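Novice: Residue numbers (our numbering): 113 to 279. Every residue, glycine too, gets a C-beta built ideally from N, C-alpha and C. Note that the structure is predicted; figures quoted are calculated from it, not measured. Dumping the structure here so I can ask a few things about it.
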């Protein structure tokens, strides 16, 4: 029985090399915690995990470098298409705006833009789905599980206090 040899995809060698370098950095960082002082030191588990990452990513990188053929995939169309790049930028923007604006307005803006972008239109639909989803997430995490979310520009405490006075 003959198996077809696997071919490398576009960007695969670069990603594997980057993963190996990050693993080496994490191993060095874990060593900086406490060195090799003892098996029960604070850095022992992070060093063991980072060492496993170095070994596994190194073996994957070696296997990848030994694969001579490349498939016909293209990086920007098959591996990282524009829709993924746009969503990554939107998530980064969400992370940047979360603390200054707060959870509610940032999440609403992010969700409306995401639904409009991924669904290709429909502002009313995007607002409706986003408000419903955000209300559900807010009730579950803020009211049921009492997770503190970044308040930002919305006076959330005053609104909750006014609602609780009604009941």
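(1) What residues in its chain sit with their C-beta under 7 Å from that of residue 121, if we drop five residues either side in the sequence?
(2) Suppose contacts are defined by Cβ-Cβ distances below 8 Å. Is residue 222 in contact with residue 199 by that definition?
(3) Sort 178, 187, 134 by Cα distance to residue 163 and report the nearest one.
(4) Pick helix, strand or coil for residue 178, following the three-state DSSP scheme.
(5) What residue range does the alpha helix (DSSP H) around residue 261 cover?
(6) Which word fits residue 260, buried or exposed, when buried means at least 16 other C-beta atoms lie within 10 angstroms of its C-beta?
(7) Would you tell me roughly how many angstroms separate the C-alpha atoms of residue 208 and residue 219, rounded to the nearest one?
(8) Helix, strand or coil for residue 118, going by three-state DSSP, please let me know.
(9) Can you tell me which of 151, 181, 150, 142 puts its alpha carbon nearest to the alpha carbon of residue 119?
(10) Of the choices 242, 214, 217, 216, whose alpha-carbon is the least far from that of residue 227?
(11) What separation, rounded to the nearest whole angstrom, lies between the Cα atoms of residue 143 and residue 136?
(12) Of all the options 149, 123, 170, which has the alpha carbon lying nearest to the alpha carbon of residue 193?
(13) Looking at residue 130: is its Cβ nearer than 8 Å to the Cβ of residue 165?
(14) Suppose contacts are defined by Cβ-Cβ distances below 8 Å. Is residue 265 in contact with residue 213 by that definition?
(15) To the nearest angstrom, how far is it from the Cα of residue 150 to the Cα of residue 159?
Specialist: By the coordinates alone:
(1) As a first step, residue 121 is located in the chain shown; it is residue number 9 there, counting from the start. Only 183, 185, 191 meet the Cβ criterion.
(2) Looking up residue 222 in the chain shown gives position 110. Looking up residue 199 in the chain shown gives position 87. No. Outside cutoff.
(3) Along the chain shown, read from residue 1 onward, the residue named residue 163 stands at position 51. Nearest C-alpha to residue 163: 134.
(4) Walking along the chain shown from the start, residue 178 turns up at place 66. Note: residue 178 maps to coil in three-state DSSP.
(5) Here the question's residue 261 lines up with position 149 in the chain shown. Element bounds for residue 261: n/a, residue is neither H nor E.
(6) Along the chain shown, one-based indexing puts residue 260 at 148. Burial call: exposed.
(7) One-based indexing of the chain shown puts residue 208 at position 96. One-based indexing of the chain shown puts residue 219 at position 107. Residue 208 and residue 219 have their C-alpha atoms some 12 Å from each other.
(8) As a working mapping, residue 118 is identified with position 6 in the chain shown. Looking at residue 118 - three-state DSSP - the assignment turns out to be coil, as it is neither helix nor strand.
(9) Here the question's residue 119 lines up with position 7 in the chain shown. Comparing Cα-Cα distances from residue 119 to each of 151, 181, 150, 142, the minimum goes to 181.
(10) Translated into the one-based positions of the chain shown, residue 227 becomes position 115. Among 242, 214, 217, 216, the Cα nearest to that of residue 227 is on 242.
(11) In the chain shown, residue 143 corresponds to position 31, counting from 1. In the chain shown, residue 136 corresponds to position 24, counting from 1. Distance between the alpha carbons of residue 143 and residue 136 is about 11 Å.
(12) Along the chain shown, one-based indexing puts residue 193 at 81. Minimum Cα distance to residue 193 is reached at 123.
(13) Position 18 of the chain shown, counted from the start, is the residue given in the question as residue 130. Position 53 of the chain shown, counted from the start, is the residue given in the question as residue 165. No.
(14) The residue given as residue 265 occupies position 153 in the chain shown. The residue given as residue 213 occupies position 101 in the chain shown. Result yes, Cβ atoms of residue 265 and residue 213 sit closer than 8 Å.
(15) Within the chain shown, the letter at position 38 stands for residue 150. Within the chain shown, the letter at position 47 stands for residue 159. The alpha-carbon atoms of residue 150 and residue 159 are separated by roughly 12 Å.
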